[in-house]
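S.K.: Have a look at the structure that comes next, please.
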Amino acid sequence: MKIQIVWPVIDLYKGDNQFVGISQISALLKKKDFVSQVIEADFKKIKSRLRKDTLTILAFSTPTVYAQTYLELSRRLKREGSVFSIFGGPHPTYFPDLIEAEGVDSLCRGEGEYPMVECVEALRDGHPITGIPNLWIKEKGTIFRNPLRPLIEDLDTLPLPDHEIFRRAIPNNVWQAVVMTSRGCPYQCTYCFNHAYRELYRGKGRMVRRRSVGHVIQELKSVKAHKNYEFVRFVDDLFTLNPEWVEEFSEKYRTEIGLPFSCFVRANHITPQIARQLKTAGCWRVQMGLEAGDEFVRNEVFKRNMSEGDIVRAARIIQGAGLKLVTGNILGSPGVTLEQDLKTLALNMKIKPHFAGVSLLQPYPGTEIFNYARQLGMLDPAGGTLRETTVSRTSTLTFKNRREKDRIENLQKLFFLPIEIPWSFPLVKAMIKLPANRFFHYVFSRWVNYGQYFRVVPPRIGGKYFWKRAKILAGVSSVMKRAIGPSPKSDALGKKAGTTAS
Ligand code: B12
Ligand code: SF4
Numbered sequence: 009m010k011i012q013i014v015w016p017v018i019d020l021y022k023g024d025n026q027f028v029g030i031s032q033i034s035a036l037l038k039k040k041d042f043v044s045q046v047i048e049a050d051f052k053k054i055k056s057r058l059r060k061d062t063l064t065i066l067a068f069s070t071p072t073v074y075a076q077t078y079l080e081l082s083r084r085l086k087r088e089g090s091v092f093s094i095f096g097g098p099h100p101t102y103f104p105d106l107i108e109a110e111g112v113d114s115l116c117r118g119e120g121e122y123p124m125v126e127c128v129e130a131l132r133d134g135h136p137i138t139g140i141p142n143l144w145i146k147e148k149g150t151i152f153r154n155p156l157r158p159l160i161e162d163l164d165t166l167p168l169p170d171h172e173i174f175r176r177a178i179p180n181n182v183w184q185a186v187v188m189t190s191r192g193c194p195y196q197c198t199y200c201f202n203h204a205y206r207e208l209y210r211g212k213g214r215m216v217r218r219r220s221v222g223h224v225i226q227e228l229k230s231v232k233a234h235k236n237y238e239f240v241r242f243v244d245d246l247f248t249l250n251p252e253w254v255e256e257f258s259e260k261y262r263t264e265i266g267l268p269f270s271c272f273v274r275a276n277h278i279t280p281q282i283a284r285q286l287k288t289a290g291c292w293r294v295q296m297g298l299e300a301g302d303e304f305v306r307n308e309v310f311k312r313n314m315s316e317g318d319i320v321r322a323a324r325i326i327q328g329a330g331l332k333l334v335t336g337n338i339l340g341s342p343g344v345t346l347e348q349d350l351k352t353l354a355l356n357m358k359i360k361p362h363f364a365g366v367s368l369l370q371p372y373p374g375t376e377i378f379n380y381a382r383q384l385g386m387l388d389p390a391g392g393t394l395r396e397t398t399v400s401r402t403s404t405l406t407f408k409n410r411r412e413k414d415r416i417e418n419l420q421k422l423f424f425l426p427i428e429i430p431w432s433f434p435l436v437k438a439m440i441k442l443p444a445n446r447f448f449h450y451v452f453s454r455w456v457n458y459g460q461y462f463r464v465v466p467p468r469i470g471g472k473y474f475w476k477r478a479k480i481l482a483g484v485s486s487v488m489k490r491a492i493g494p495s496p497k498s499d500a501l502g503k504k505a506g507t508t509a510s
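Using our numbering, the first residue of the sequence shown is number 9, and each one after it goes up by one.
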């Protein structure tokens, strides 16, 4: 059978939505002579690609926030022609009941490289697909729930990720290469997928795995050969987990690659030596989870397992080495008071990061904090907990009353102000008592935009791309509105949200 594989991606033109999962699977598909393409998640655009004599495989890489949009897109496209849908990524991994939803033919739990290739080969050859490990398949009303295969032990055995798939899709906007050198993290933070992943894969191999420095440098050389790339974004959960690896990498990266880069670090892993090595290698910014200023919230609610002293010390070392520090912060978590969230702001004011990222907690199925929110009765029974793009705007949790919710949401919007202008702290404390409003949201989104272009990338790159990307983004927002359609209410995503997490 003739087949074509397409990967619909929301906000493709933003340029930072280059998913390693897609480029990694695409590389293996290519090795088996299957060419796949990334395409904007737009009904009309994809519909125009459907062919009568060809089976179109819609491959969705699905974080929870996009699940509803992708479901809708799949349903509509399946009515238009010969389409087979496969959902992979975090959402189907932890919420496999998604298989019951209309529009889902199959889903992949966990690592997707080999399951995807086996599935595509079987579809092409007309062989059964119902027994492929990691896949759940819906065929003629019956659901086949296959077990997981072991984790990929040696990541160097995978082909180098296919960056070309994004270069072809967005040729004018690929300025940063998104690269992953490891998989897994040994920590247990309650809002993060890692503890759920460990549970899922128990007895199926080593969780934390890292590519060799040589393998990573080989990938980066192929990236650097294309003039478009001016920055490398390492998206490993914990880039600095292994000091020997960092030492070897830093030396080779400095001499053989040299592009400015960013990575994620954890406060308790930062030493002056590691910070120096990163800086010498060309690191421009590090992103570090601060998450909560209150000791109880940080270590009991989030299980971060770190003290305020660890955070302050790491911040001083990072800034002392001349690296830009970006903090990650979470507000509005279940059982957390406004006073506790204010301590998060106070700690940021103390360490003065270059930029403070701040989200409202959105609990995802499978995580400990999802269960905690359910216990406290804070999950929206209509399924709004999982709705889209809310992390930057409104909380998906239900609070005691509107006033409490408004204050938390306002605090997120004005969070940046006292970090930039410390004397505004009392003013901000007063302003958050106002009803949540569009003006605060506007100010916040301008600030995040400014940060994105001028604070979290070197100014030269930000300035060069600012207008171009702003124009592209303005165009994308209308496309997104069309693709998204009505907000989710009650279907396989919504109704079951409260019953799936273990
Ligand atoms: C990098 C990253 C981002 C980047 C994404 C773009 C980019 N440049 O890659 C940015 C910063 C933009 C981002 C944003 C967000 N992210 Co993020 N992100 C990550 C991170 C750290 C790495 C992703 C990655 O590359 N993984 C490596 C690849 C190899 O793994 P993978 O993507 O899971 O893919 C494998 C399998 O899942 C599967 N697979 C994936 N897709 C498909 C598709 C098919 C068809 C098949 C068969 C298989 C398959 O096969 C792949 C190879 O084995 C992960 C954590 C993690 N370690 O995975 C969080 C993570 C994915 N993000 C998360 C979240 C919550 C978000 C945001 C909602 C945050 C926010 N506050 O806005 C947004 C969502 C918007 C979006 N675009 O996804 C959550 C998702 C949880 C959930 N249930 O959805 C994660 C898991 C972290 C966490 N908190 O637990 N993110
Ligand atoms: S340290 Fe980061 S990646 Fe690791 S479990 Fe915690 S939040 Fe997740």
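For each residue, glycine too, the CB sits at the ideal point set by N, CA and C.
Are Arg415 and His449 close, meaning C-beta to C-beta below 8 Å?
M.R.: No, the Cβ-Cβ distance between Arg415 and His449 is not below 8 Å.
S.K.: Does Glu88 come out as helix, strand or coil in the three-state DSSP assignment?
M.R.: coil
S.K.: Please list the segments of the alpha helix (DSSP H) lying wholly inside the region 15-87, counting only runs of 4 or more residues, in order along the chain.
M.R.: 28-39, 51-55, 72-86
S.K.: Let me confirm a value: Phe304 is counted as buried when at least 16 other C-beta atoms fall within 10 Å, else exposed. Which label applies?
M.R.: exposed
S.K.: At the level of alpha carbons, what is the spacing between Phe363 and Gly459?
M.R.: 7 Å
S.K.: For a quick check, are the C-beta atoms of Asn154 and Pro136 less than 8 Å apart?
M.R.: No.
S.K.: Would you say the beta carbon of Tyr195 comes nearer than 7 Å to a heavy atom of the ligand PLP?
M.R.: Of the ligands this structure carries, namely the ligand B12 and the ligand SF4, none is the ligand PLP.
S.K.: Helix, strand or coil: which one does DSSP assign to Met296?
M.R.: If DSSP states are grouped into helix, strand and coil, Met296 belongs with the strands.
S.K.: Express the C-alpha separation of Arg312 and Val91 in angstroms, rounding to a whole number.
M.R.: 44 Å
S.K.: What whole-angstrom Cβ distance do Ala58 and Gly89 have, given they're in contact under 8 Å?
M.R.: The sequence as given places Leu at residue 58; Ala does not occur at that position. In this structure, Leu58 and Gly89 form a Cβ contact; the two beta carbons are roughly 4 Å apart against a cut-off of 8 Å.
S.K.: Please state whether DSSP places Met488 in a helix, a strand or coil.
M.R.: Only weak support exists for where Met488 lies, its pLDDT of 41 falling under 50; the value from the coordinates is given anyway. Reduced to three states, the DSSP call for Met488 is helix.
S.K.: Buried or exposed for Ser453, going by 16 or more other Cβ atoms inside 10 Å?
M.R.: exposed
S.K.: Have a look at Gly297, Glu299, Ile282 and flag the residue whose alpha-carbon is nearest the alpha-carbon of Cys291.
M.R.: Check the Cα spacing between Cys291 and each of Gly297, Glu299, Ile282: the tightest is with Ile282.
S.K.: Assign Ala185 to one of three DSSP states: helix, strand, or coil.
M.R.: strand
S.K.: Give the straight-line distance between the Cα atoms of Arg83 and Glu110, rounded to the nearest whole angstrom.
M.R.: If you take the alpha carbons of Arg83 and Glu110, they lie about 7 Å apart.
S.K.: Here's a check: name, in chain order, each residue in its chain whose Cβ is nearer than 6 Å to the Cβ of Gln184, leaving out the five neighbours to either side.
M.R.: Phe239, Arg241
S.K.: State the start and end residues of the unbroken alpha helix (DSSP H) segment that holds Ile140.
M.R.: Segment: none, Ile140 is in no alpha helix (DSSP H) and carries neither H nor E.
S.K.: Tell me which residues share the same chain as Val125 and place their Cβ nearer than 7 Å to its Cβ, disregarding the 5 neighbours each side in the sequence.
M.R.: Leu36, Leu37, Lys40
S.K.: Evaluate the contact criterion for the region 413-427 versus the region 435-449: three or more CB pairs, one atom per stretch, below 8 Å.
M.R.: The region 413-427, when compared against the region 435-449, does touch it at the 8 Å Cβ threshold.
S.K.: Going by the C-beta, is Val186 closer than 7 Å to any heavy atom of the ligand B12?
M.R.: yes
S.K.: Relative to the alpha-carbon of Gln295, which residue among Tyr261, Lys358, Val366 has its alpha-carbon at the smallest distance?
M.R.: Val366
S.K.: Using DSSP with H/G/I as helix, E/B as strand and the rest coil, what is Ile427?
M.R.: helix
S.K.: Using the DSSP secondary-structure output, state which residues sit across from Cys271 in a beta bridge.
M.R.: Note: Cys271 sits in a beta bridge opposite Val294.
S.K.: Suppose contacts are defined by Cβ-Cβ distances below 8 Å. Is Leu208 in contact with Gly118 by that definition?
M.R.: yes
S.K.: Please state whether the Cβ-Cβ distance between Val216 and Thr189 is less than 8 Å.
M.R.: no
S.K.: Taking buried to mean at least 16 other C-beta atoms within 10 Å of its own C-beta, is Ser495 buried or exposed?
M.R.: Residue confidence for Ser495 is low, a pLDDT of 34 falling below 50, so the modelled location carries little weight; the figure read from the coordinates is stated next. Counting Cβ neighbours within 10 Å, Ser495 comes out exposed, since fewer than 16 surround it.
S.K.: DSSP state of Phe103, grouped into three classes?
M.R.: Judged by DSSP in its simplified three-state form, Phe103 adopts coil rather than helix or strand.
S.K.: Check whether the Cβ of Asp245 sits closer than 7 Å to any heavy atom of the ligand B12, and report yes or no.
M.R.: yes
S.K.: Tell me, please, which residues DSSP counts as bridged to Gly336.
M.R.: Gly297, Gly365
S.K.: Here's the rule: buried if 16 or more other CB atoms are within 10 angstroms of the residue's CB, otherwise exposed. What is Val221?
M.R.: buried
S.K.: Following a CB-centred definition, is Gly374 positioned closer than 7 Å to any heavy atom of the ligand SF4?
M.R.: no
S.K.: Does DSSP put Gln12 in a helix, in a strand, or in coil?
M.R.: The answer is strand: DSSP assigns Gln12 an E or B state.
S.K.: Are the beta-carbon atoms belonging to Leu298 and Gly336 less than 8 Å from one another?
M.R.: Yes. Within cutoff.
S.K.: Answer yes or no: do Leu333 and Pro361 have a C-beta to C-beta separation smaller than 8 Å?
M.R.: yes
S.K.: Is the beta carbon of Cys271 within less than 7 Å of some heavy atom of the ligand SF4?
M.R.: Relative to the ligand SF4, Cys271 has its C-beta separated by 7 Å or more from all heavy atoms.
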